[in-house]
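Just below is one structure, and these are the notes that go with it.
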Amino acid sequence: MKAWQHLKTILHHKKLVREGCFKAGLYRQGIMHDWSKYTPVEFLVGCRYYQGNKSPNNAEREQKGYSAAWLHHKGRNKHHMEYWIDYSAKDDRMAGMRMPVRYVVEMFIDRVCASKNYQKDKYTDESPLAYYEKGKNHYMLHPETKRLLEKLLHMLAEEGEERVYAYIRSDVLKKKKRFPARRSIRKKV
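Residue numbers (numbering that gives the first Met the number 0): 0 to 188.
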């Protein structure tokens, strides 16, 4: 029974994220979001530790002292800030690297949809910001990534979902991409 409930939770979350990504114009990311959750290392942990109101990775972490499912997940999904933690070139300390904007937007959508999925009828547009505020002191985020994520969370809380998605489409994703495609270096003859 837990396996079925876990699968329903994943499917519902992916549906919500897909809808959000499509609203933002991120069609490929909407389709590809969280596919690693179907791998055995993530799915079986989700079934075993399913609770329905929070991530099963937390329960695995409490029992084992770490979550193999989370370590696998964050290393394969670029919309997680933890994917972007590396040694800083400035001082050899661990730090958050600048995330490409499209992944910051997907991270924002993922947070909104996780709040909707777990809080159900108790969800409000302030919920994702409140959850972020609880843990933000231990996050390793690049200052630009942090600014954009916080701007989107505050805009959602203050102006609502329709306004934040319009802003994402018109301003955030229209700006020059963080990692533009390489230009051909061949000389014209």
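Note that CB positions come from ideal geometry on N, CA and C, so glycine has one too.
query, result
"Distance CB(residue 59)-CB(residue 40) smaller than 7 Å", "no"
"Cβ of residue 121 within 7 Å of any chain C Cβ", "This model lacks chain C altogether, as it is built from one protein chain only."
"Alpha-carbon spacing of residue 114 relative to residue 102, whole angstroms", "18 Å"
"Within the stretch 70 to 102, ranges of the beta strand (DSSP E) (whole runs, at least 3 residues)", "84 to 86, 93 to 95"
"Beta-carbon gap between residue 23 and residue 130 smaller than 7 Å", "no"
"Cβ-based burial, residue 48 [other Cβ within 10 Å; buried from 16]", "buried"
"Opening and closing residue of the alpha helix (DSSP H) in which residue 27 lies", "26 to 31"
"Touch test, the stretch 103 to 110 against the stretch 3 to 22, Cβ-Cβ under 8 Å, three pairs minimum", "yes"
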